[in-house]
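Below is one structure, written out as structure tokens, with a few remarks after it.
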Amino acid sequence: MSDQLDLAPATDLLTSQEYFVNMGPQHPSTHGVLRLVLTIDGEIIRKVEPHIGYIHRSIEKMCEKDTYRQIVHLTDRMDYLSCHINNEAVCLAVEQALQIEVPERVKVIRTIIDELTRLASHQLWWGVMGMDLGAITSFLYGFRDREMINDIFEETCGARLTMNYNVPGGLMFDIHPNFQKRTKDFVAHFKTKLPEYDQLLSDNPIFRARTEGIGYMSKEDAVAYGVTGPSGRASGFACDVRKRHPYGMYPQVDFKEVLMTDGDCFARYKARILEMWESLRIIEQLIDNIPEGDFQAPTKQVIKLPKGEFYQRVETARGDFGVYIISDGNKSPYRLKFRSPGFSNLFVLDKVARGSKLADLVAIMSTFDYVMPDIDR
Amino acid sequence: MYDFTTLVQSIGNFLHGQFSPGVATALEWTLVILVYLALYAILGLVLVYVERRVCAFFQLRLGPNRVGWAGTAQTVADALKLLLKEPVTVNKADKLLYNLAPFIITLAALTVISLVPFAKGLQAFDINIGLLFIVAVSSLGVVGILLAGWSSNNKYALIGAMRSGAQIVSYELSVGLSLLTMVLLTGTLQLSTIIETQANGWWIFKGHVPAIIAFFLYLTASIAEINRGPFDLPEAESELTAGFHTEYSGLKFAFFFLAEFVNMFTVAAIATTVFLGGWMPFHLGDWAGFNAVMDFVPPILWFFLKVSAVIFLMMWFKWTFPRLRIDQLLKLEWKYLMPLNLMNLVFTAILVYLGWHG
Amino acid sequence: MEKIIFYILSAVILSLSLMSVLSRKLLRSAVYLFGVLTAIAGFYFLIGYHFLGAVQLTVYAGGIVVLIIFSILLTHDIDHQMPTPDWSRVAVAGALCVAGAVMFVQLLQGSLFSRVEAPEQSDLNTVGNTLLNPGGGGYLLPFEVVSILLLAVMIGAIVIAKQRHSVDDSSPEKQAP
Amino acid sequence: MFRAIYEYFKEILLAIRGLINGMRITGKYIAHARKEIITQEYPDNRDTLQMFDRFRGEVVLLHNENNEHRCTGCSACEVACPNGSIEIIWARREDPETGKKKKQIETFVYHLSMCTMCNLCILACPTDAIKMGHDFEHAVFDRSQLTKVLNRPGSKLEKGVEE
């Protein structure tokens, strides 16, 4: 940690050839309104200081005045690419507090949509990753496949991005009759397209040169900074909440926790690609076996949590997402804290990016897959 | 075979008949300048449209398809928009250099197309060192880029300019060497003569393996020299927003934009001239009937067909590959392109010495 | 016609070289120099020495000036304007210049210029044959000497660059996992 | 020595193979460009554009052909809304038929600018008076136009809703 506190006097900077560059808040590759103050020597990055807060909307504070039903839709607006998983975190926390046992059907549907969300998020990430490295075509290919998932979401949940499909105790509506067919179609389609992803980018020598050995993060760093999700697992940090603290249908389905040891950009890239295969496997196992039953457990109209503290973790597309609720027995939480994966993943950037080139920073940021609203909340 | 020499000469004779020699020469020059300026603008507009359309099809999109027939007037509309835009100048920018930079780039691009032989006799400036002159003039554009980057008073622009400087200075070598390989085969630097030597077959066919290698080396190096993807580091949008022309707007930006696309045309045109037989039609051995049909297609069409093919190849490269990093770019040049080029050159020299060429 | 171009080019060269010397901004000087060298290339084209013109453009305008500009961009404080020199210095320099000019004009008037009607076309074959001719009138020896010199310079540059690299590069490379 | 040279050329050839691999993908798509195009020509296909049933575009108050709605003014949606985008102004007015004073809505104000389309109001409505409309073209020139009154002028409560 000592090298984080860079207390070098300002004169030191003036004598060497270092200069500052403000990357952001408006910049094509900061994926939102992130501002990075870079100290650069030529093109070599000496220091990265992330400045956040440009889209802070005080969601946690807003939660304190909302009822538990209303809180759910706010989490859509955090990590909008894994909104369903975020929703589920709040719902699971409430269900855990109220000790509601949700029907099996709800669990299965939630898990399927979780994995679809993860796929959609990774598809968008894949497209954007290519675009950040200059292969703009991959962006459109990623979006083409994501569009199918979005159609599934729109038909079943009523929205493409901010779905708000979960409610405490179950789901908002039952799945649409077309849901299973569409999902199966998508899985079949995407199984043919995912190898193309590899063919277009992973096999490309330029892409390999841009990612292999770039932005190395050790397992120790990943643990120390709390880097979770595919980024952490690419460094060998076994942190998959679906395996460590299972929820939903995950204990029952067979899937592998993707673990890599390289810890460089390519490992993070590959981890996500492999995770997409795993997600497809999970969906395939569940989609034919959606049990009949209710789509909601009976809940009171006004939900009041018992006094106490409740914590629920889920695995979003970016990593370990936690909801921590302190309840004083009222219909809104006394305090609510979100542990968002993007926040920890962002602040390891300085450690990882030092000494690499300016162009590498873009690749590194891309492989950490930042979603700014998740970080700012 | 169509020949434009007589047409061009008759225009010249007509002018000289009507006016005194000095005025006639001046008129001739003005005519040539106007034609080339128009060509420059039209080439730019057409290429921008083609690029957008082709890139859209690569990306499963439609591309511009509203303004005019199938969107053909889209670039005209865009050009008008750029003309009407307010020319924003950065505070503390070095005004003189800031305004000079687009002109240097345009001048370099414009000078190079004056050497391109579009068809027999349709060439403005046919000097005996044509290829050398092209290499010389195309190296001037970098000054414009460097000045633009520096005078914008913007760090991104400066980084872009620095990248561009390193890139162009090193890739010039490969461009020159790969063209030199072909000069060994053709035995001349004059563009019109180079085409004449290909009357019995294009160099890429009759030049054996070295010509093919040289073709791809030339294509790679020259794409890098004109800052086009995947070598578009000076304007890498994901890193440097827009690189050296970050601070340019309106007409001045349009100059950079046009020059970029016209450079693309020039590269394709030179590749066509040197490797693909220029305006020579495609002949297949002794098939007289087939050859006659090929001869029927006007040479200027042949030229533009070949150029479009090369441009399409360049677009295919750009819309498939990720961008390189600056050190990888230089490594590519010094570790791969240069040694390969030198090997190829020696190989070709042996070939020529043994008399196995053409 | 050629006369007009000649005078235009001369005026451009004269004024730009003056501006290049007198400008107090470093980069502008380099740009004016670029103009001067390009205009000189124009002269060569005017008298039909195409090869020389192209070489002038590649080597001087496209090569050396680009390198100069490039290295100026690498230096610190390029915004920095050079200080205005003292009047005494300006006076001395001016006097020296005038003296030099007078001497130059004197010499010019004293020398006998033979007028060439039509300059012979410098064909590339002639250039090549002359340059690489080992026999009489050829320049093979100087050519080779120059190449050895350039090789030595290149090796020296690489050695210097390498040394600095090993000392300066403290950037953390990929550590072993 | 020879090994290094072999490696050098192998590297080049492998790189070229990787590049061609990528170009085969894009080449495949441009060859079938007409079939594979995924974008829609949006304003042109407005007539044929069919939104999914559950698509949430805006809140609408349903009216039948007699200009009657089913909103009793119970304000359940107003309470359920997390953003305060629904305001119901109601009054007790005399029913012309029975002569009894009854709660009736005067205006059902809907602030589209604040709405996050979370669907909670629709879930909360006991009489199914409101639902999510499919209109998604919400752009207007003035922010005030985003505040809408959902009940039509002169509309009244449908009979039999309150029982």
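Chains as they are written, first to last, in the numbering used here: chain L, 1141 to 1517; chain R, 50 to 407; chain Y, 5 to 181; chain F, 33 to 195. Beta carbons: idealized from backbone N, C-alpha and C, even for Gly.
Problem set entry | When R:S298, R:Q123, R:H294 and R:P347 are compared against R:K134, the one with the closest alpha-carbon | Cα-wise, what sits closest to R:K134 is R:S298.
For this session: Within its chain, find whatever has a CB closer than 8 Å to the CB of F:R125; leave out the 5 residues flanking it on each side and keep chain order.
Result: Excluding positions up to five away in sequence, the list reads K133, K134 and Q136.
For this session: Leaving aside the five residues before and after R:R372 along the sequence, list all residues of the same chain whose C-beta is less than 7 Å from its C-beta, in chain order.
Result: Counting only Cβ-Cβ distances below 7 Å, and skipping sequence neighbours, we find G278, P279, D281, L282 and A285.
Exercise. Opposite F:I121 in the DSSP bridges: which residues?
Worked result: According to DSSP, F:I121 bridges with F:T139.
For this session: With 8 Å as the threshold, decide whether the Cβ of R:T230 is near any Cβ in chain F.
Result: Not closer than 8 Å to any Cβ of chain F, the Cβ of R:T230 fails to qualify, so no.
Problem set entry | alpha helix (DSSP H) segments (min. 4 residues) lying fully within the stretch 187-238 of chain R | Correct list: 190-200 and 204-235.
Problem set entry | L:G1448 - partner residues in DSSP beta bridges | For L:G1448, which the question treats as bridged, DSSP gives the partners L:S1467.
Exercise. Using a C-beta cutoff of 8 Å, does L:A1229 count as contacting chain F?
Worked result: When Cβ-Cβ separations below 8 Å define contact, L:A1229 makes no contact with chain F.
Exercise. Beta-carbon of F:E68 versus every beta-carbon of chain R: anything under 8 Å?
Worked result: Interface residue, yes.
For this session: Check the Cβ of R:A185 against every Cβ in chain Y and list those closer than 7 Å, keeping chain order.
Result: Residues of chain Y whose Cβ lies closer than 7 Å to the Cβ of R:A185 are, in chain order, A58, L61, T62 and G66.
Problem set entry | L:G1372 versus L:D1434, L:M1357, L:I1249 and L:L1445, residue with shortest Cα-Cα distance | The candidate whose alpha carbon is nearest that of L:G1372 is L:M1357.
Exercise. Where do the N-terminal and C-terminal ends of the alpha helix (DSSP H) with Y:T130 fall, by residue?
Worked result: Here the alpha helix (DSSP H) through Y:T130 covers L128 to L135.
Exercise. Quick one: is R:A248 buried, meaning 16 or more other Cβ sit within 10 Å of its Cβ, or exposed?
Worked result: Exposed.
Exercise. Which residues in chain R sit within 9 Å of Y:F10, going by Cβ to Cβ distance?
Worked result: Residues of chain R passing the Cβ test: none, with the nearest at roughly 14 Å.
For this session: Determine the direct distance from the alpha carbon of R:I162 to that of R:T322, and round the result to whole angstroms.
Result: Cα-Cα distance, rounded: 12 Å.
For this session: Select from the stretch 158-185 of chain F all residues with a C-beta closer than 8 Å to any C-beta belonging to chain L, and list them in chain order.
Result: So the list reads M164, given in the order they occur along the chain.
Exercise. Taking the beta strand (DSSP E) that F:E90 falls in, what are its first and last residues?
Worked result: Run containing F:E90: E90 to L93, per the beta strand (DSSP E) assignment.
Exercise. Any residues in the stretch 65-94 of chain F with a beta carbon nearer than 7 Å to a beta carbon of chain L? Which ones, in chain order?
Worked result: So the close ones are I70, F84, R86, F87 and R88.
Exercise. So the alpha helix (DSSP H) F:T179 belongs to, where does it begin and stop?
Worked result: Where F:T179 is concerned, there is no enclosing alpha helix (DSSP H), although the beta strand (DSSP E) it sits in stretches over T179 to V181.
Exercise. Of all Cβ atoms in chain F, is any one closer than 8 Å to the Cβ of L:E1336?
Worked result: For L:E1336, the nearest CB of chain F lies under 8 Å from its own CB, placing it at the interface with that chain.
Exercise. Using a Cβ-Cβ distance under 8 Å, would F:M149 count as near chain L?
Worked result: F:M149 counts as touching chain L.
Problem set entry | Three-state secondary structure (DSSP) of F:N98 | Secondary structure at F:N98: coil, using DSSP grouped into helix, strand and coil.
For this session: Please go through the same chain and pick out, in chain order, the residues whose beta-carbon is closer than 8 Å to the beta-carbon of F:L182, but skip the five residues on each side of it.
Result: A distance below 8 Å between beta-carbons, with the five flanking residues on each side excluded, links F:L182 to the following residues of its chain, in chain order: V91, V92, L93, F140, V141, Y142 and I162.
For this session: Would you mind reading off the limits of the beta strand (DSSP E) that contains L:F1478?
Result: Here the beta strand (DSSP E) through L:F1478 covers R1475 to R1479.
Exercise. Can you tell me where the alpha helix (DSSP H) with R:M392 in it begins and where it stops?
Worked result: Secondary structure note for R:M392: its alpha helix (DSSP H) is the uninterrupted segment M387 to L403.
Problem set entry | Proximal residues of chain Y, C-beta to C-beta of R:L195 below 8 Å | Within chain Y, the residues near R:L195 are V70, I73, F74 and L77.
Exercise. Can you give the Cα-Cα distance for F:R35 and F:E43, rounded to whole angstroms?
Worked result: Taking the Cα positions, F:R35 is about 12 Å away from F:E43.
For this session: Could you name the residues of the same chain whose beta carbon sits closer than 8 Å to that of Y:E6, not counting the 5 residues immediately before and after it, in chain order?
Result: Take Y:E6, set aside five residues on each side of it, and the residues of its chain with a beta-carbon closer than 8 Å to its own are L50, in chain order.
Exercise. Checking contacts by CB at 8 Å: is F:I137 closer than that to chain R?
Worked result: For F:I137, the answer is no, since every Cβ of chain R falls outside 8 Å of its Cβ.
Exercise. Does any residue of chain R bring its CB to less than 8 Å from the CB of Y:L20?
Worked result: Cβ-Cβ to chain R under 8 Å: no for Y:L20.
Problem set entry | Listed by chain order, chain Y residues near R:F176 by CB distance under 7 Å | One point to set straight first is that residue 176 of chain R is Ile, not Phe, in the sequence displayed. Residues of chain Y with a Cβ closer than 7 Å to the Cβ of R:I176 are, in chain order, H54.
For this session: Mark L:D1394 as exposed unless 16 or more other C-beta atoms lie within 10 angstroms of its C-beta, in which case mark it buried.
Result: By the 16-neighbour rule on beta-carbons within 10 angstroms, L:D1394 is exposed.
Exercise. When you compare only the Cα positions, how much space is there between L:D1468 and L:L1476?
Worked result: Rounded to whole angstroms, L:D1468 to L:L1476 spans 11 Å at the Cα level.
For this session: Spell out whether any CB of chain F is found under 8 Å from the CB atom of L:M1343.
Result: With the sequence shown as reference, residue 1343 of chain L is identified as Asp, and Met is not the correct amino acid for it. Interface flag for L:D1343 against chain F is set, since a Cβ pair is found closer than 8 Å.
Exercise. Can you tell me where the beta strand (DSSP E) with L:Y1159 in it begins and where it stops?
Worked result: Here the beta strand (DSSP E) through L:Y1159 covers E1158 to M1163.
Exercise. Which runs of the beta strand (DSSP E), 3 residues or longer, sit entirely within the stretch 1169-1200 of chain L?
Worked result: Under the rule that a run must span 3 or more residues, the beta strand (DSSP E) segments found entirely inside the stretch 1169-1200 of chain L read 1175-1181 and 1184-1191.
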